[in-house]
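Per the numbering used here, residue 8 is the first one in the sequence shown, and the count goes up by one each step.
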Amino acid sequence: MVMALGGAFTTVKISEHTRTAASLIERFFGTGFRIDEREEGANLVEVAR
C-alpha cells in the first residue's frame with residue numbers, strides 16, 4: 008500500500024477529484040500529500056507517511 012510506505016509520482020494534470028481524494032485520505036488516515044504544480048506541465052505528488 009503506497010500510503011503506508013510513502014512515495015511520489017508525476018502526472019500531467021491534478022483534477023479536483025484527486026484533490027478531494029487526497030483531502031479525505033489525509034483526514035481519515037493521517038497521511039499527508041504535497042502537490043507541486045510545475046510550469047512545464049508535470050506535477051509532482053508526494054505521499055508522506
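For glycine and all other residues, C-beta sits at the position ideal for the given N, C-alpha and C. All of these numbers come straight from a predicted model, not from anything done at the bench.
Cβ-Cβ separation, residue j to residue i (assumed contact under 8 Å), whole Å
i     : j     : result
ASN50 : THR17 : 6 Å
ALA55 : THR38 : 7 Å
Residue closest to residue i, alpha-carbon to alpha-carbon, out of the options
i     : options             : result
PHE40 : GLU46, LYS20, LEU31 : LEU31
Classification of residue i by the beta-carbon crowding that lies within 10 angstroms, buried from 16 upward
i     : result
ILE42 : exposed
VAL9  : Legend: pLDDT at VAL9 = 45, less than 50; position of this residue unreliable, value from coordinates given subsequently. The residue in question, VAL9, is exposed, as its Cβ has fewer than 16 Cβ neighbours within 10 Å.
Counterpart residues of residue i in DSSP-defined beta bridges
i     : result
GLU53 : ALA15, ARG41
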